[in-house]
Amino acid sequence: MQVINGNEVSQIIRTQIKEEVAKLKANGGKVPHLAAILVGEDGASKTYVAAKEKDCHEVGFNSTVLRFDANISELELLEEIEKINANKNIDGLIVQLPLPKHINEKKITEAISYKKDVDGFHPYNVGLMFKGLPTFLPATPYGIIKLLEHYKISTLGKHCVVIGRSDIVGKPMSALMLQYNCTVTVCHSRTVDINKYLLDADIVIAALGIPKFLKADMIKEGAVVIDVGITRIDDATSKKGFKLIGDVDYENVSTKASWITPVPGGVGPMTRVGLLLNTLDAIKRR
Ligand code: GUN
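Residue numbers are given in the numbering used here: position 39 of the sequence shown equals residue 33, and the series is strictly consecutive.
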């Protein structure tokens, strides 16, 4: 079994991005500028936005975080998005999800200019992605593709089972694996006899959000296992007060997998890199 090291690969790509930004600066070009909107006080969302801000600074991007109270109205939020859409200085915009219940996430996602939609959530960009045309790819599937490419893990003719059908991971991941010449099965909470599909899978991508769901007896010998799960569990012994648990029972599954991503240090850092790559790309698309 070989470990897919997301920390290492993300660091290589970050260094490449940093070098590219330095070149842009030296040539008097525009430095990528990412804006993030954070609504409310959700702990995980605050952590993610702070991480994105830190990543931007590390590679030399400009970044702006706009923080709003949880009771901001949908209309006010739409107006803020319009301002950023019109701001020539800002290249990419993300609105951290989830949003408070009174705000329609679909409306918000569609209000972001597709040219600045570095999350790749706008229906126009989703359409381009499904057609295999150049666009912003959602950060997690993008990061996973980069991992597979880095380790030269073959996808040609492989059976890939994606567990989970979210708009952010499962659906785009299945479309991308199809483009990478896999035969793709998407399983979800209503799938009958999921083991039947999993036992035939050459590549399993687990993105269902159930800690340690995938066990060794559910996979084929030598399968490639990608774990997208990041459930937070309280842990008084950790400095952060919590630990992250994946959707894969790592100790158990690693005895049978050929390649496996750990949690943390697998897909997570690659998601962050996916967003940076899109933000750099936003400059080129202007
Ligand atoms: N919430 C969970 N994942 C994401 C993401 O990739 N982008 C945004 N904007 N919000 C999220």
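Every residue gets a Cβ at the ideal spot worked out from N, C-alpha and C, and that includes glycine. On a predicted model such as this, the values are computed, not experimentally measured, just so you know.
Whole angstroms are fine: how far does the CA of residue j sit from the CA of residue i?
{"i": "Leu28", "j": "Ile84", "result": "6 Å"}
{"i": "Leu32", "j": "Lys40", "result": "7 Å"}
{"i": "Leu127", "j": "Asp241", "result": "31 Å"}
{"i": "Ala45", "j": "Asn1", "result": "14 Å"}
{"i": "Cys107", "j": "Asn79", "result": "For the sequence presented, residue 107 should be read as Ser rather than Cys. For Ser107 and Asn79, the distance between alpha carbons rounds to 6 Å."}
{"i": "Ser73", "j": "Pro117", "result": "Note on residue identity: the sequence assigns Glu, not Ser, to residue 73. Approximately 20 Å between the Cα atoms of the pair."}
{"i": "Leu141", "j": "His153", "result": "18 Å"}
{"i": "Lys17", "j": "Ile227", "result": "42 Å"}
{"i": "Val267", "j": "Glu52", "result": "12 Å"}
{"i": "Val198", "j": "Gly22", "result": "45 Å"}
{"i": "Glu47", "j": "Ile11", "result": "15 Å"}
{"i": "Gly164", "j": "Glu143", "result": "19 Å"}
{"i": "Val182", "j": "Lys19", "result": "The residue asked about is misnamed: residue 182 is His in this sequence, not Val. Taking the straight line from one Cα to the other gives about 46 Å."}
{"i": "Thr249", "j": "Asp196", "result": "15 Å"}
{"i": "Gly216", "j": "Trp253", "result": "8 Å"}
{"i": "Lys146", "j": "Ala64", "result": "44 Å"}
{"i": "Asp229", "j": "Phe55", "result": "34 Å"}
{"i": "Lys100", "j": "Asp49", "result": "27 Å"}
{"i": "Ser148", "j": "Ile188", "result": "24 Å"}
What does DSSP give as the partner residues of residue i in its beta bridges?
{"i": "Arg226", "result": "Leu238"}
{"i": "Ala200", "result": "Ile157, Asp221"}
{"i": "His96", "result": "In the DSSP output, where bridge partners are listed per residue, His96 has none listed."}
{"i": "Leu254", "result": "The identity of residue 254 in the sequence shown is Ile, whereas the question assumes Leu. Paired residues: Val(-3), Val219."}
{"i": "Thr177", "result": "His153"}
{"i": "Val89", "result": "Ile31"}
{"i": "Leu18", "result": "Leu18 pairs with nothing; no bridge assigned."}
{"i": "Leu208", "result": "Val242"}
If you measure between the beta carbons of residue i and residue j, is that distance less than 8 Å?
{"i": "Gly158", "j": "Leu202", "result": "yes"}
{"i": "Asn246", "j": "Lys209", "result": "yes"}
{"i": "Gly262", "j": "Ile224", "result": "yes"}
{"i": "Asp111", "j": "Phe130", "result": "yes"}
{"i": "Leu172", "j": "Val180", "result": "no"}
{"i": "Ala30", "j": "Val3", "result": "no"}
Locate the beta strand (DSSP E) running through residue i, then write down its first and last residues.
{"i": "Arg61", "result": "56 to 62"}
{"i": "Leu28", "result": "27 to 33"}
{"i": "Ile147", "result": "Neither: Ile147 is in no beta strand (DSSP E) and is coded neither H nor E."}
{"i": "Val267", "result": "Segment 261 to 279 is the alpha helix (DSSP H) holding Val267; no beta strand (DSSP E) there."}
I'd like the span of the alpha helix (DSSP H) that includes residue i, first residue to last.
{"i": "Leu192", "result": "188 to 192"}
{"i": "Tyr118", "result": "117 to 124"}
{"i": "Ala80", "result": "68 to 80"}
{"i": "Ser39", "result": "37 to 53"}
{"i": "Val247", "result": "244 to 247"}
For the ligand GUN, enumerate in chain order all residues having a CB closer than 6 Å to any of its heavy atoms. Every residue passing the under-6 Å Cβ criterion appears here: Ile88, Val89, Gln90, Leu91, Asp113, Ala133, Ile162.
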